[in-house]
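What follows is a set of notes on a single structure, which appears directly below.
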Amino acid sequence: MSLPKFSPAARAVLATVALTALAGVAQADTLKKIKDSGSISLGVRESSGLSYTLGNGKYVGFHTEMAERVIADLQKQLGLAKLEVKYQPVTSQNRIPLVQNGTVDLECGSTTNNATRQKDVSFAMTTYVEEVRIAVKANSGITGIAQLNGKSVATTTGTTSVQTLRKHEKATGVDFKEVFGKDHADSFLLLESGRADAFVMDGSILAANIAKSKAPADFKIVGEVLSVEPIACMLRKDDAAFKKAVDTSIQGMVKSGELAKLYDKWFMQPIPPANAKIGLPLSDATKAAWANPNDRPMEDYAKK
Amino acid sequence: MATWDWQVFCKNTIDGDVVPRCFGSGGDITYLDWMLSAWGWTLSVALLALVVALLVGSLMGILRTTPSRLLVGIGNVWTELFRNIPLLVQIFLWYHVLPALVPPLKGVPSFVLVVLGLGFFTSARIAEQVRAGIESLPRGQRYAGLAMGLTLAQTYRYVLLPRAFRIVIPPLTSESMNIIKNSSVAFAVSIAELTQFAMQAQEETSRGIEIYLAVTGLYFVSAFTINRIAHFIEQRVQVPGMLGGGK
């Protein structure tokens with residue numbers, strides 16, 4: 001059976017409707033729900049650096065594979081002979097309502113842990129720290145945000161990078177023209193076709209787009225880290241037992257070095273579908289998050 | 001769960017603090033300011049594209065009813081070209097593909113490109129309606145005009161078009177309303193219009209329900225205003241005994 005495809009806008013509306021309809025049914029005891037139903041609903045993304053689809057309902061990526069190992073640990077803990085994983089693709093628009101209303105039990109995509117979201121949902125321990133960077137054409141001579149004065153800067157609608165850019169513009173007095181791509185592929189095309197002089201986005205997304213481009217050598221990632229965003233799996237609020245189970249599993253993977261191996265597999269080795277290497281070495285910020293497990297929101301990182 | 005937070009529109013877009021009076025000052029903007037600016041972009045794109053569409057569409061529609069085979073051919077090619085390619089693809093062609101082939105187009109702002117793209121797309125539909133309107137008139141009307149010594153242009157000006165346009169006001173109204181709704185494609189070429197605002201603001205504030213409702217309301221108000229204006233025109237130009245505008 002093939003499921004109907006909806007546009008992100010339509011999904012947002014559907015999510016809204018579902019949210020209102022199901023709000024009363026949502027339960028906070030996820031472990032019991034998983035045990036009773038013998039299945040867990042895992043929120044995945046269709047095209048992000050950490051979780052993406054290969055088509056035909058197959059989902060892969062660093063965070064997806066990590067989530068699958070977390071789920072294997074949950075199965076052990078609950079003593080279930082069989083635990084079915086239901087993959088539920090989510091978008092930036094509907095991921096929070098879907099976690100709140102119980103459609104998704106655990107969302108491991110590329111969700112930034114920030115204070116606004118912590119009012120609605122909980123986050124597992126930070127497993128990846130995203131650094132917002134600048135990608136430019138290699139021959140542009142641009143080396144940092146200061147050289148962007150009077151230039152066009154592309155970023156993707158519906159991301160936190162738009163806010164980051166706006167704050168930087170205000171703080172540094174650098175005056176640039178913002179152009180918005182409707183998705184990452186669009187934003188990269190703006191850079192590639194010369195409509196924009198730079199593309200400001202999460203480092204992993206920039207690296208992945210460059211790796212997939214026709215001429216990867218024509219582009220480079222330059223300049224300072226514009227913002228640091230802790231990325232973590234999202235789960236329902238006020239479900240301490242479930243959060244503890246997920247966190248324990250993640251901590252176990254950090255200690256055993258399994259998480260580092262997964263990182264190497266998805267960021268340093270050729271990955272499907274194109275067998276291209278992203279080539280983004282483990283950052284100091286991510287290393288620090290693994291060394292000191294925490295679920296602090298982005299705002300705490302900024303203060304440091 | 002359905003807790004509303006309409007204060008979200010009074011929040012400053014830089015730090016998310018609620019601002020008194022809901023409007024930003026000193027270079028800061030609130031989500032309300034931003035939404036109104038986005039509405040302005042939506043209306044600018046739509047109304048300018050509507051002017052392009054009505055002018056070019058009427059011209060092409062008229063060409064298709066002239067006795068000249070060359071002019072009919074031009075009108076037909078125009079109509080079929082712009083009618084058979086999806087709007088989003090056309091906008092993409094204008095923005096990314098044509099400038100690659102014709103480098104001077106790179107300097108043209110995306111606003112102009114999207115106005116032309118949306119205008120030409122709609123002009124093909126209007127051309128078809130205008131042609132149908134003119135062809136629905138009895139042939140004798142054209143011959144009568146010519147027999148009275150009017151030139152072909154004068155026959156169109158004084159006999160055919162005044163009647164044909166009255167007949168096609170209802171479908172033209174629909175096209176005019178469509179152009180407001182279709183203007184959301186401008187989002188695809190980096191115009192900061194309402195759809196773009198909705199996607200971005202909901203991500204920043206997590207108050208998607210309030211934001212989508214407000215944006216939906218603005219689209220409705222815009223399209224419905226066009227509808228009322230068209231209705232007013234229809235009533236004003238009504239001629240007793242003729243088709244259109246009847247009660």
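If you're matching them up, the sequences are chains R and B in order.
Numbering of the first sequence is given in full-length UniProt numbering, commencing with residue 1 and proceeding in unit increments.
Numbering of the second sequence is given in full-length UniProt numbering, commencing with residue 1 and proceeding in unit increments.
All C-beta atoms, glycine included, are put in the ideal place defined by N, C-alpha and C.
Owing to the predicted nature of the structure, the values given are computational and were not obtained by experimental measurement.
Exercise for the section: List the residues of chain R that B:Y100 touches, going by C-beta distances under 9 Å, in chain order. Expected result: Just to set this straight, residue 100 of chain B is Ala in the shown sequence, not Tyr. Ordered by position in chain R, the residues that pass the 9 Å Cβ test against B:A100 are S193.
Practice task
Could you name the residues of the same chain whose beta carbon sits closer than 8 Å to that of B:L81, not counting the 5 residues immediately before and after it, in chain order?
Solution key: A124
Exercise for the section: Would you list the residues sitting across from residue 368 of chain R in a DSSP beta bridge? Expected result: Residue 368 of chain R lies beyond the range of chain R shown here (1 to 304); nothing can be said about it.
Practice task
May I ask you to report which of helix, strand or coil DSSP gives B:N12?
Solution key: strand
Exercise for the section: Check whether the region 109-127 of chain B touches the region 86-93 of chain B, counting contact only when three or more Cβ pairs, one atom from each stretch, lie closer than 8 Å. Expected result: yes
Exercise for the section: Work out the CA separation of R:V246 and R:R69 for me, nearest whole Å. Expected result: Rounded to whole angstroms, R:R69 to R:V246 spans 10 Å at the Cα level.
Handout entry: Residues near R:M253 by beta carbon distance below 6 Å, same chain, minus five either side
Key = L259
Problem - For R:A207, the first and last residue of its enclosing alpha helix (DSSP H) - result: For R:A207, the enclosing alpha helix (DSSP H) has its first and last residue at 203-212.
Practice task
Let me know the secondary structure DSSP gives R:R236 once reduced to three states.
Solution key: DSSP, read as helix, strand or coil, puts R:R236 in strand.
Exercise for the section: Can you grab the Cα-Cα spacing for the pair R:T126 / B:P99, in whole Å? Expected result: Cα to Cα, the separation comes out at about 44 Å.
Practice task
Please list the partners that B:I14 has in chain R, where partner means a Cβ-to-Cβ separation under 7 Å.
Solution key: R166, K167, K170
Practice task
Determine the chain B residues that contact R:R117 at a beta-carbon separation under 7 Å, and present them in chain order.
Solution key: S206
Problem - Option nearest R:I96 by Cα separation, candidates B:T225, B:I229, B:T205 - result: B:T205
Problem - Per-residue DSSP class, three states only, for R:I278 - result: The answer is coil: DSSP assigns R:I278 none of H, G, I, E or B.
Exercise for the section: Please name the residues in the region 171-187 of chain R whose beta-carbon is closer than 8 Å to at least one beta-carbon of chain B, in chain order. Expected result: V179, F180, G181, K182, D186
Problem - R:G158 versus R:A185 - alpha carbon distance - result: 13 Å
Handout entry: Any 3 or more C-beta pairs closer than 8 Å across the region 167-174 of chain B and the region 226-237 of chain B
Key = yes
Practice task
Please name the residue, chosen from R:G150, R:L191, R:M201, that lies closest to R:F176 on a Cα-to-Cα basis.
Solution key: R:G150
Exercise for the section: Note down, in chain order, each residue of its chain lying with its Cβ closer than 8 Å to the Cβ of R:S2, except the 5 sequence neighbours on either side. Expected result: Residue confidence for R:S2 is low, a pLDDT of 49 falling below 50, so the modelled location carries little weight; the figure read from the coordinates is stated next. So no residue of the chain qualifies.
Practice task
With a threshold of 8 Å, establish whether the CB of B:V112 neighbours any heavy atom of the ligand ATP.
Solution key: What this structure holds is no ligand at all, so the ligand ATP is not there to describe.
Exercise for the section: Give a yes or no on contact between the region 278-296 of chain R and the region 13-30 of chain B, applying the rule of three or more CB pairs nearer than 8 Å. Expected result: no
Practice task
For my contact list, R:F62 and R:L50 are in at a C-beta cut-off of 8 Å; report their separation, rounded to the angstrom.
Solution key: 5 Å
Handout entry: Start and end residues, beta strand (DSSP E) containing R:L54
Key = Going by DSSP, R:L54 is part of the beta strand (DSSP E) stretching over 52-55.
Practice task
Using a Cβ cut-off of 9 Å (strictly closer), state whether R:S158 contacts chain B.
Solution key: According to the sequence as given, residue 158 of chain R is Gly; it is not Ser. With 9 Å as the cut-off, R:G158 counts as an interface residue toward chain B.
Practice task
Using the DSSP secondary-structure output, state which residues sit across from R:Y87 in a beta bridge.
Solution key: R:L42
Practice task
For B:G24, decide whether its Cβ has a neighbour in chain R, counting only Cβ atoms nearer than 9 Å.
Solution key: no
Exercise for the section: Kindly indicate which three-state DSSP category B:F197 falls into: helix, strand or coil? Expected result: helix
Practice task
Would you identify the three-state DSSP class for B:I229, choosing helix, strand or coil?
Solution key: helix
Handout entry: Residues of the region 182-197 of chain B whose Cβ lies closer than 8 Å to any Cβ of chain R, in chain order
Key = F187, A188, S190, A192, T195, Q196
Practice task
Provide the residue span of the beta strand (DSSP E) that contains R:K32, from first to last.
Solution key: That residue, R:K32, is in no beta strand (DSSP E); its alpha helix (DSSP H) goes 30-37.
Handout entry: Assigned exposure category for R:D202 - 16 Cβ within 10 Å defines buried
Key = buried
Exercise for the section: Could you confirm whether any beta carbon from chain B is found closer than 9 Å to the beta carbon of R:V162? Expected result: yes
Problem - Residues that residue 259 of chain B bridges to, as DSSP identifies them - result: Residue 259 of chain B lies beyond the residue range present for chain B, which begins at 1 and ends at 247; the question has no answer from this structure.
Handout entry: Three-state secondary structure assigned by DSSP to B:F23
Key = coil
Exercise for the section: Report the residue from B:T216, B:L47, B:F165, B:T3 whose alpha carbon sits nearest the alpha carbon of B:F127. Expected result: Note that residue 127 of chain B is Ala in the sequence shown, not Phe. Cα-wise, what sits closest to B:A127 is B:F165.
Exercise for the section: For the alpha helix (DSSP H) containing R:K167, list its first residue and its last residue. Expected result: 161-172
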